[in-house]
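Asker:
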Amino acid sequence: MSPVEGWLIEIRGTVQGVGFRPWVYRLAQDEGVSGWVRNDDAGVMIQVLGPRRALQRFVHRIRTNPPPAAIIDHLMTSRIPVTDLREFQIVPSEPSGERRVSIPPDLAICSDCVEEIFDATNRRHRYAFTNCTNCGPRYTIARDVPYDRPNTTMQAFTLCEPCAREYETPSDRRFHAQPNACPACGPSLQAVAPDGTPIAGDPLDAATRALRAGQIVAVKGVGGFHLACDATNEAAVTRLRERKQREEKPFAVMVQTLADGEALAILGAAERTLLASVERPIVLVHRRRSARIAEAVAPANPLVGLILAYSPLHHLLVAEAGVPLVMTSGNQSDEPLVYVNDDAFMRLGPIADLFLLHDRDIVTRCDDSVARVIAGSPTVLRRSRGYVPRPIRLLRPVEAPTLACGALLKNTFCLADGNLAYLGPHIGDLENVETFESFCETVERMEHFLGIRPEIVAHDLHPDYMSTHYALGRLEGRKQGVQHHHAHVASAMAEHGLTGQVIGVAYDGTGYGGPAEVNAWGGEVLLADERTFTRLATWRPIALPGGDQAIRQPWRLAVALVRDALGAGFDLTRIPVLAGREVDLIAHMIERRVNTPLAHGVGRYFDAVGAIVLGRGVATYEGQVALELNMAADASERGLYQFDIDETVDPRQVDFRLTTRAIVEDLLDGVAAATIAAKFHNTVTAATAFLIRHAAAHARSAPIVLTGGCFQNARLAESIHAELSPAHRVLLHRQVPPGDGGIALGQALVAGLTA
Ligand code: ZN
Ligand code: ZN
Ligand code: FE
């Protein structure tokens, strides 16, 4: 027998509200050690007494195999004097004014709970609100801190005797599970017609009957409403598109298990892990040709957004409907996600045939997150439910509490204090009044949850962004503008813990360069650190005839690109997408610079070339044509076009006029769109690699980060990565979106360190 010792174990990370203490309790029983465990301000503290061997095993098991939703950042052990504690106990938290780490993200239902709801003998059979310490809603139901039942919307329900017993028994899986509930005491479902009339009978049956009949059901979930329909029913999906006024943007499809997902899509190991993760995002994957899903789910798109059921209600719905379900956010095209029952009738009434409601209120709306595997690893494209409010650890602490207000589209904000940066949920496009209101409320609530009073308020330099107005309108805090692409680069630095100089490639559609800049930026290669940057290179600007209209109608960009490359002598109508359009008017606008700003954005090149090559003149959602060009590209094509680098301007510019000429030539020669699209991608990669190599010659050891919305394009990110590795260290976004949804983190870093 090894000698008896006393150890103090301090654990930091996501360890509260995830079933950590009961798990430690059971582990202690298992190893036969005594002592106690409790939550403290910053995580969990454990005191254990026992034979050294047992203590070593105890710590090893915590490190290597913690509960599924826990993330351990740090684990420190120290020796303490041996006392005569005989048992192991869970002791109450130390009361304290600190508020950090108290609210965990919403957790996908665990396998134990899934088993219970499908077990006809279990008292939670078919119960849609089953949860335990390992799973269930958290952030979305929290009204206040600390995260205890009275501070959540579960306060309205009084635990019945069996539930209370579970809640109080340390060895029970539901010990201190704040949202614990059962059919006798917890929330319940209700099926309601669009006119508000309750539908008699079992609500789940009513909903699944409607789904099977091709109807659209508004389902209240964890972070808000979904609009659901049978994903195999072409007419149902088409009807949903019409009513939601969403023409072609892909819908997500929910299935129950990985095996069900496998039947619809080709899944790699990383994709399977991501799909089944406790965050449970929508994962963009390649659908099988044979997949039994309606074409209208993702028209002309080889990818499908797959999501596994993440709440007990979803499991029951998908299982009992017996088909994969379209699960799209419950809103009218540009409005924020609906999350309140009364609101649902008003806003979703014209869309849904039936409402499946419940009486567990949602406090903070939280959209489904979206992720994709890029270069072998997961990249979060929309960071919301499941991830929020888990913090991102900064290498260096910010100098004072910081609020970063983000950009305009796909807005998220960020609150940073010390070494921790908390990105808020996906808010959406702030141009909409309701969305802006949701932004204000969510910022306020998050400040309260975290106990952060921002002394630094960071914002984009764009004077017209609603987020900029909000920042400048705040009474307290030092305001600091951060250049858009610098913020993109800093966001990648923050998540990878980089400090000092990096070479940042920031490619997006449009971002404000600065007050002295006439043109919008978006094809930027920066030499940057956390404080400042220099612009090493950009792309030759492209004209946007009609401004924003050119973004919605990329054929206008095609006119601009082709005219720039081939001159006024070229007959534009020879290009099929331009035949029959008012090309002369647009050419005239470009020439006279009438309502025609210039932009350096690489995203605009993708739009323009997409319009030319695919004959797609109009986009029904942002970035559609660029995405379709990406999808069309032949994976095996290695050829590329010529391009120039214009050294006569400062900063140097990628000049694609030669490239454009060759593309037009190929098009008129009848070369396949797949080939041209691939060669265009390869040329963008080659030009970018050229710029990076040149930059690296001056900053030898600087790592390279790829950031900006264009790097949602997996082919582009992967090919630049492959081209430069391993000679250079190339980092892609992983934890935060490469697009504007990740920009607030970079703003927080820059402003928080430069104050
Ligand atoms: Zn569970
Ligand atoms: Zn109960
Ligand atoms: Fe951007």
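Quick note on numbering: our numbering labels position 125 of the sequence shown as 125, and the sequence is numbered without any gaps. Where a beta carbon is used, it is the ideal one built from N, C-alpha and C, also for glycine.
Taking the alpha carbon of residue 153 as the point to measure from, which residue in 668, 325, 368 and 143 has its own alpha carbon closest?
Answerer: With distances taken between Cα atoms, residue 153 lies closest to 143.
Asker: At 3 residues or longer, what runs of the beta strand (DSSP E) sit wholly inside the stretch 4 to 51?
Answerer: If we require 3 residues or more, the beta strand (DSSP E) runs fully inside the stretch 4 to 51 come out as 4 to 14, 34 to 40 and 43 to 51.
Asker: Would residue 494 and residue 658 qualify as a contact pair, given that the criterion is a beta-carbon distance under 7 Å?
Answerer: No. Outside cutoff.
Asker: With 16 as the cutoff for other CB atoms within 10 Å, does residue 268 come out buried or exposed?
Answerer: Exposed, since its Cβ has fewer than 16 Cβ neighbours within 10 Å.
Asker: Given residue 377, which residues of its chain have a CB within under 7 Å of its CB, disregarding the five upstream and five downstream residues?
Answerer: Result list for residue 377: 270 and 734, in chain order.
Asker: DSSP three-state label for residue 645, please.
Answerer: Strand at residue 645.
Asker: Taking the straight line between their C-alpha atoms, what separation do you get for residue 558 and residue 627?
Answerer: Straight-line Cα distance between these residues: approximately 16 Å.
Asker: Is residue 132 close to ligand 2? I mean its beta-carbon at under 6 Å from any heavy atom of the ligand.
Answerer: It does not: the Cβ of residue 132 is nowhere closer than 6 Å to a heavy atom of ligand 2.
Asker: Assuming residue 533 is part of the alpha helix (DSSP H), what are its boundary residues?
Answerer: No alpha helix (DSSP H) holds residue 533; the beta strand (DSSP E) holding it covers 533 to 539.
Asker: Compare the beta carbon distance of residue 235 and residue 229 with 7 Å and say whether it is the shorter of the two.
Answerer: Contact flag unset, no.
Asker: In chain order, what residues of the same chain lie with their CB nearer than 7 Å to the CB of residue 388, ignoring the 5 residues before and after it?
Answerer: The answer, listed in chain order, is 105, 139, 366, 423, 424 and 425.
Asker: Does DSSP put residue 406 in a helix, in a strand, or in coil?
Answerer: Looking at residue 406 - three-state DSSP - the assignment turns out to be coil, as it is neither helix nor strand.
Asker: By Cβ distance, which residues of its chain are closer than 7 Å to residue 753, with the 5 residues on each side in sequence left out?
Answerer: Once the five neighbours on either side are set aside, the close Cβ partners of residue 753 are 396, 398, 399, 530 and 531.
Asker: Quick one: give me the first and last residue of the beta strand (DSSP E) that residue 372 is part of.
Answerer: From DSSP, the beta strand (DSSP E) with residue 372 extends over 370 to 374.
Asker: Could you check where the alpha helix (DSSP H) with residue 756 kicks off and where it finishes?
Answerer: Nothing can be reported for residue 756, as the shown portion of the chain is limited to 1 through 755.
Asker: Kindly provide the ranges of any alpha helix (DSSP H) runs that are 4 or more residues long and lie completely inside the stretch 460 to 535, ordered along the chain.
Answerer: Here the runs fully enclosed are 466 to 473 and 484 to 496.
Asker: Just confirm the distance between the C-beta atoms of residue 351 and residue 227, as a whole number of angstroms; I'd bet it's less than 8 Å.
Answerer: Their Cβ separation, rounded to whole angstroms, is 6 Å, which keeps residue 351 and residue 227 in contact under 8 Å.
Asker: Flag this pair as yes or no: are the beta carbons of residue 506 and residue 708 separated by less than 7 Å?
Answerer: Yes; because the gap between Cβ atoms is below 7 Å, this pair is in contact.
Asker: Would you kindly report the start and end of the unbroken alpha helix (DSSP H) that includes residue 436?
Answerer: Residues 433 to 450.
Asker: On the DSSP letters alone, give me the boundaries of the beta strand (DSSP E) that residue 286 sits inside.
Answerer: Unbroken beta strand (DSSP E) run through residue 286: 282 to 287.
Asker: Report buried or exposed for residue 441, applying the criterion of at least 16 other Cβ atoms within 10 angstroms of its Cβ.
Answerer: Residue 441 should be labelled exposed.
Asker: Using CA coordinates, which residue listed in 49, 42 and 23 is at the minimum distance from residue 34?
Answerer: Of 49, 42 and 23, the residue nearest in Cα terms is 49.
Asker: State yes or no: is the C-beta of residue 511 nearer than 6 Å to some heavy atom of ligand 3?
Answerer: It does: the Cβ of residue 511 is within 6 Å (strictly closer) of some heavy atom of ligand 3.
Asker: Are the stretch 205 to 222 and the stretch 583 to 602 in contact at 8 Å, needing three or more beta carbon pairs?
Answerer: With the cut-off at 8 Å, the stretch 205 to 222 and the stretch 583 to 602 do not touch.
Asker: Could you check the C-alpha separation between residue 334 and residue 633 for me, to the nearest Å?
Answerer: Those two C-alpha atoms are separated by around 30 Å.
Asker: Cβ-heavy atom distance between residue 508 and ligand 3 below 6 Å?
Answerer: Residue 508 Cβ: within cutoff of ligand 3.
Asker: Is it the case that the CB of residue 160 approaches a heavy atom of ligand 2 more closely than 6 Å?
Answerer: Flag set: Cβ of residue 160 near ligand 2.
Asker: Got a sec? Which residues, its chain only, sit under 8 Å from residue 59 by beta carbon, not counting five neighbours each side?
Answerer: Closer than 8 Å at Cβ, skipping near neighbours: 7, 9, 75 and 77.
Asker: Which same chain residues, not among the five before or five after residue 751, have their C-beta less than 7 Å away from its C-beta?
Answerer: The answer, listed in chain order, is 402, 404, 456, 458, 480 and 482.
Asker: What is the DSSP secondary structure of residue 416, counted as helix, strand or coil?
Answerer: Here residue 416 sits in strand by DSSP.
Asker: Could you check where the alpha helix (DSSP H) with residue 345 kicks off and where it finishes?
Answerer: Element bounds for residue 345: 341 to 348.
Asker: Do the CB positions of residue 231 and residue 313 come within less than 7 Å of each other?
Answerer: Against a cut-off of 7 Å, the Cβ pair of residue 313 and residue 231 comes out as no contact.
Asker: Give me, in chain order, the residues of the same chain whose beta-carbon lies closer than 7 Å to that of residue 583; leave out the 5 immediate sequence neighbours on both sides.
Answerer: Excluding positions up to five away in sequence, the list reads 559, 572 and 573.
Asker: Looking at residue 185 and ligand 2, is the gap between the Cβ and the nearest heavy atom below 6 Å?
Answerer: Yes, the Cβ of residue 185 comes within 6 Å of a heavy atom of ligand 2.
Asker: Would you kindly check if the distance between the Cβ of residue 190 and the Cβ of residue 357 is under 7 Å?
Answerer: The answer is yes: Cβ separation under 7 Å.
Asker: Rounded to whole angstroms, what is the Cα-Cα separation between residue 672 and residue 679?
Answerer: Using only the alpha carbons, I get a separation of about 11 Å.
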